[in-house]
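Note sheet for the following structure.
In the numbering used here, the protein residues as written are 6 to 449.
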C-alpha cells in the first residue's frame, strides 16, 4: 500500500529486513542463469589457462567447437529472443563494393570525401558518423562503391555500439579497408581483426583445402594426403562429437588447424565464413619520421597515406585496383573497331568467381547463351590474335571479344542431335535408343 497516495512505501521495521538478509532461504527469488557472454568469457579463460601439448589438444579442440557454437548463438538468437538485427540498408551499386572499417576518429569520413567527393561529416569528436554513407569511386572505367561505416569499439561482435549492424554490412563487401592511426601502436589492428573473426570474417585467407562429406552410414572416416601436425584423427572426432555428427568422411589436403576445420563445418550452418581481402591503411603519416614510415610501408597488405596532406592517395587507388583484380572486357562487332568506351567489368569475388567467356556473354544478355557458338578473342589471354575460344576460356584484363552466333542450321542440329543412327530417316529428329523396336530374327 502507498502512503497518502504519493507512491511512498511504508517504513518496515529494521528487524524484518535483517531477518530476510540473514535467512535467504525464506526468499523465493528466481535463479538467474549465466548468459551467453559469461559462458564465452569462461571458456576463453579456461583456454588461456590450459597448457598446449599433445595431452590437451583434444580438450582444446572441444573447447574451440563449443566456443564457436556459443558465438553463433549470440549472432543468431532464437525466435523467442527478438530475432536477428538487420544491417544498414545500402543498395548495392557499381562493379565492386568496399567498406571502410576502423575505430572512431581515424579519418574514415575524410578518406571517403577525398576519394569520392561525397561530403561526410568530420569533426574533432568521436562517433561523428552514425550511419552508413555510400560513395562511388570512378577508376579505370569501373565504378567502385565505397561505404563509410560508423566506428566500431571493443565488443562490437557482441552488439556494443551497433557493432552487429556495421559488421553485417561488411560481410556483403568484396574488400575491406581497415583504416588505422599511424601514431598509435599495432594493438588497434589486432583488436579489429579479432572483432571481425568473432563474427566469421576471415581476412586475407583462403578456404582450407579439405572436404567434409556427411553420409547416412559408415561412421567416421579420416584421410590425409599430406603430413599433419595439429589436426589429428582424435581431435577431428572430438569436434564432430560436439556438432553431433557421427557419419562423416573427412579428407585433408593441406596442414590445417582446428579453427580451419571448424570453419569448414560452419559452412552448412546459418553463419558461413566469409573469406575477404583486407588492406591496412595507415593514416596520419605526416606525424611520423622517415624510419617509422618505412617500417609501416613494408608490412604486408599495408598502404600509408595522409588525407590531410593528400599524400599517396593515388597509390591507394592503384593498390585497391590490384587487390580487387577486376577484368575489363571490350566488345567488338564484325568489320568494326572495338568499343573502348564502355567495357564489361567482371569481378572475381562475385558469381562463380571466374572470368570466362561464358560469364561475359551472360553479362551482355542471357539469351545470347542459347545462340553462342564461339568467340574471337584478342589480348593477353590468348596465344594468337585472334584466337577462337569456347565458353570456358579465361579472359584477362583489357581483352577484346567478338561473339559468333549459331546459324539456323546449327541451331536445329543442336536441338535435334547429330546423325548417329538414333535419328529418324530423312531428318535429324533424335530417337531414344531404348524405344527402338528390336529387329525380327532371321527366318533361317
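No residue lacks a Cβ here, since even glycine has one placed at the ideal position from N, Cα and C. Predicted model only: the values in this text are computed from it and were never measured.
By the neighbour-count definition (other C-beta atoms within 10 Å, threshold 16), residue 374 is an exposed residue. Taking all protein chains shown into account, residue 121 has 16 or more neighbouring C-beta atoms within 10 Å of its C-beta and is therefore buried. When C-alpha distances from residue 230 are compared across 385, 256 and 249, the shortest belongs to 256.
The segment 182-192 makes no contact with the segment 231-247; the number of CB pairs closer than 8 Å stays below 3. Counted as a single uninterrupted DSSP element, the beta strand (DSSP E) harbouring residue 217 occupies residues 215-219. Residues of the same chain with a CB within less than 7 Å of the CB of residue 312, apart from the 5 flanking positions on each side, are 112, 115, 116, 119 and 288 in chain order.
Apart from sequence neighbours up to five positions away, the residues of its chain that approach residue 123 with a beta-carbon distance below 7 Å are 117, 138 and 140, ordered along the chain. DSSP links residue 104 through a beta bridge to 152 and 181.
Secondary structure note for residue 266: it is in no beta strand (DSSP E), and the uninterrupted alpha helix (DSSP H) holding it is 263-270. When the five nearest sequence neighbours on each side are left out, the beta carbons in the same chain lying within less than 7 Å of the beta carbon of residue 353 are those of 330 and 360, in order along the chain. Pairing residue 403 with residue 384, the inter-Cα distance amounts to about 7 Å. By the CB criterion at 8 Å, residue 263 and residue 183 fall outside the cutoff.
Around the C-beta of residue 296, fewer than 16 other C-beta atoms lie within 10 Å, and the residue is accordingly described as exposed. Looking from the CA of residue 261, the closest CA among 200, 211 and 72 belongs to 211. Excluding five sequence positions before and after residue 142, the CB atoms of its chain that fall closer than 6 Å to its own CB belong to 120, 121, 149 and 151, given in chain order.
If only uninterrupted beta strand (DSSP E) runs of at least 3 residues are considered, those enclosed by the segment 370-401 are 377-383 and 392-394. In this chain, the beta strand (DSSP E) harbouring residue 336 covers 332-336.
Listed in chain order, the non-local C-beta contacts of residue 269 below 7 Å within the same chain comprise 213, 215 and 217, local neighbours out to five positions each way being set aside.
Residue nearest to residue 243 within the set 45, 49, 62 and 324 is 62 (criterion: CA-CA distance). The bridge partners DSSP lists for residue 281 are 208. For the set 418, 388 and 363, the Cα lying nearest the Cα of residue 409 is the one of 363. Residue 98 is bridged by DSSP to nothing; it lacks a bridge partner.
Shown here, residue 67 sits in a helix according to DSSP, grouped into three states.
Annotation: the continuous alpha helix (DSSP H) that includes residue 299 extends over 295-302.
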